[in-house]
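Have a look at the structure below, then the notes.
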Amino acid sequence: MRKITHKYKSISRVIFPIALALALSACVATSPSLKAPLYDITAPTLESSKFYLLKAEISVNKEKADWYLLALKALITEKQFPQASALVSHLAKLPLMTIQLSEWQLNRAVLLQQKGQFQAAIDSLNFSSTWKLPTLQYQRYYLLKGKLYEQINNPSGAVLSYTEASSYLSDTFDKQQNWVRVWNLLVELSPSKLHSLSANSNTVLSGWAELVALLRQHAEEPVLQHTALNIWLATNPEHPANFYLPDNYKTLQTIDIVRPNRIAVLLPLSDKFVAQGEAIRNGFIQKLLDDNSGESQPAVMFYDTNGMAMPEIVAHMQNDGIQFVIGPLQKDNVDAFLNASHNTFPMLALNFPRSKIRSKNICFFTLSPEQEAKQAALHIAQNNHHYPLVIAPNNKFGHRVSSAFSIEWQSVTGKIPEIKYFENRDTMQETVQQVFGLTESQGRIQQINQILGLNMASEQRSRRDIDAVYLVANSGELSLLKPFIEVAINPNVNPPKFYASSHSNHFINGIREVGELRGIEFSDVPLLVEHNNPTTVRFHQLWPELNNSMIRLYALGMDAYSLIKVLPQMKALPEYRYQGQSGELSLGEQCVVNRVVSWAMYEDQGIISIR
């Protein structure tokens, strides 16, 4: 029997109970079962920690340390962290070879990582520059350090480690994934940190940082960005970006970006909807005048969709050499234009056609209330509400908006929200009482009084589950609905949070007595609610009396001009976002421009931006 020395006691407390049990059971096995198979301490473990600990007990010298290292790896996999920590300490006292030291360091760092001690794990990784190790060890070393730096929110350290790891990666897919990690970290860095990395002594990393900064510089100019990308790649032919550029920028590299020189804008500029058409036109012209990019401005021609038949407009456009179309505004006119033009013009329609059209040349940009309702559902879910109620008018508009909210809520939470429709202002209070259970509660009270022949004084009880109410209503309807709901809620119940759509915001310049609307969060275009925005300040100086419906269309016109430039980039880069005056713009399915609106709240001092 082995004599247990003082030196051996510490690890034996952990290993011997396991090893002894296995040794006893192994006595009945044939001796070949204990023969050591071929093994690789750098490879993932295939057996249990008990198996490797037993092997260590019957081995000596280098082989003993190897089996302990495999046992350590298995213990970490099994999440037996106290035993793993004890084995780490024991291995630290053994005379380890270089490959064993590297494996010990890596597994010690993984153990610390699993225990949430990320900085300690980084500090524990310190491969000597004199070591000569297999490629796999260096690969694991730098990839692990990169991940640990990410976990302590040190992207600069992470990109440096991942860049070092690239030298030890041979598989093309692994290299691609590694450079995607580097790219995704770099694009999130501040300009100052990016500039610092562009001066790094590692020329590969400095090149990546330089390229990201260059593309960021021309982020709103797709033509210049496209040109700058190709020039940089040609100037740096050996840089990995030539082979491992993220897929979206590969598309940008090869896409044929053509900036239109002659643009048609189709709007109602007389008779019906002239006010809406003029608001969009004025916003478009304002953005055109503000364009100081240095590029030559396109020639813009406005066509009155109420002044000419659509075939006549198309004929004029062909004679005028039009290359891109914005509009029309009305659904019927979108259909009429598509039929008359036979889809020959690239266009940004300002409404959806009644007929389904699919074409790479046609994109759509609208002030969609359905998009706004979907964002409201997401916003309410992100605010940790679980049981929303939607109250909307019983008409086509109310049904469209509430349906969009419901679809998004189900997508986010897997649950169906409750929806209640009101007929008119006269029936609002009755609708609220029904949905909050007061009508049913009063009925039960009356039934009990009839059964008992008594006239007991009882308090009506409202339901307690609703924690948010999304109100699809104008400001007048909202000022009635909110107090009706507040009265319907029992005093001992936490009241629901109120949310509303831009449909409620009719105030001019955000100034008016808010009264009953106080505390309601609502969504709207940035031009209306972000009052610190220089564009917003100047706009209200130019158009102080314009009502909010017209202001939203003005913002639509401003962004329609901007989209002429950024649409090609959106098509090439799905993650691209443009901060517009009607919202944060991105390109969705079937070339529909999505808008992320801003959020504000009605307060005593007016409208306060909250996001």
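Just so you know, the sequence shown maps onto residues -35 to -1, 1 to 576 in mature numbering (1 follows the signal peptide of the UniProt record, and there is no 0).
Here a beta-carbon is modelled for each residue, glycine too, at the ideal position from N, C-alpha and C.
Residue i - partner residues in DSSP beta bridges
i	result
Y386	A357
S563	D489
L231	Y268
K462	A433
I572	Y567
Y543	L550
V558	L552
Cβ-Cβ distance between residue i and residue j below 8 Å
i	j	result
Q164	L180	The residue you asked about is not Gln; residue 164 is Ala in the sequence shown. Not in contact: A164 and L180 (Cβ atoms no closer than 8 Å).
L313	L294	no
H471	N513	yes
V124	L198	no
F249	C556	no
I228	F289	yes
Y33	A49	no
V152	W173	no
L11	I41	no
S466	S488	yes
L375	I384	The sequence given here places Gln at residue 375; Leu does not occur at that position. Taking 8 Å as the Cβ cut-off, Q375 and I384 do not qualify as a contacting pair.
W103	W144	First, the residue type needs correcting, since residue 103 is Tyr and not Trp in the sequence shown. No.
A36	S14	yes
Range of the contiguous beta strand (DSSP E) that encloses residue i
i	result
F208	Per DSSP, F208 belongs to no beta strand (DSSP E); it is in the alpha helix (DSSP H), A206 to Y209.
D269	A264 to D269
I327	I327 to F329
V290	F289 to I291
M312	M312 to A314
First through last residue of the alpha helix (DSSP H) which encompasses residue i
i	result
S551	That residue, S551, is in no alpha helix (DSSP H); its beta strand (DSSP E) goes E549 to L552.
M523	N513 to A537
E129	P120 to A130
A164	Note, A164: premise wrong, no alpha helix (DSSP H); not H, not E.
N201	Careful: N201 lies outside any alpha helix (DSSP H) and carries neither H nor E.
L443	S440 to A453
R146	T137 to L151
residue 583	Outside the displayed span of the chain (-35 to 576) sits residue 583, for which this structure offers no information.
H307	That residue, H307, is in no alpha helix (DSSP H); it is neither H nor E in DSSP.
I278	M275 to N284
H505	P499 to L507
H55	F46 to A57
Neighbourhood of residue i by C-beta, 7 Å cutoff - its chain only, sequence neighbours within 5 removed
i	result
L303	P318 and I322
Q84	I117
V561	Q340, G548 and E549
F449	M393, Q394 and V397
S126	Y107, K110, G111 and Y114
K158	S121
D300	P318, R319 and S320
Q336	N559 and R560
Neighbourhood of residue i by C-beta distance below 6 Å, restricted to the same chain and skipping five residues each side
i	result
P461	I431, D432, A433 and V434
Y567	V479, L482, R483 and I485
N559	S551 and G553
M515	A244
A1	Confidence at A1 is low in this model, with a pLDDT of 42, below 50, so the placement of that residue is unreliable and no value is reported for it.
G272	S235
N308	S324
C(-9)	Only weak support exists for where C(-9) lies, its pLDDT of 38 falling under 50; the value from the coordinates is given anyway. Closer than 6 Å at Cβ, skipping near neighbours: no residue.
R409	Because the pLDDT at R409 is just 40, under 50, the model does not fix this residue reliably, and the point stays unresolved.
Close-in-space but distant-in-sequence residues of the same chain around residue i (CB under 8 Å, 5 per side omitted)
i	result
P276	A305
P99	T7 and I64
N91	Q70
V377	A342, L343 and A346
L538	N213, Y214, T216 and L217
A178	P156, L159, H160 and S163
I575	E486, W564, A565 and M566
Option nearest residue i by Cα separation, candidates the options
i	options	result
E388	R365, Q399 and A357	A357
G363	A178, Q399 and V437	V437
E442	N457, R390, P491 and F463	R390
H191	E203, L176, P202 and P205	L176
S166	E129, I345 and W197	E129
I573	P533, L493, W508 and N513	L493
T270	T378, G292 and P539	G292
S93	L66, K296, R105 and Q79	L66
Y526	S131, T168, V25 and M266	M266
V400	A74, N457, K38 and Y352	Y352
N247	L521, N349 and I87	L521
Y541	K27, H183, E260 and L19	H183
The ligand MN heavy atom lying under 7 Å from the CB of residue i
i	result
H183	The ligand MN is not among the ligands present in this structure, which contains no ligands whatsoever.
Interface flag, residue i vs chain D, CB-CB below 8 Å
i	result
R560	Any reference to chain D falls outside this structure, which holds one protein chain only.
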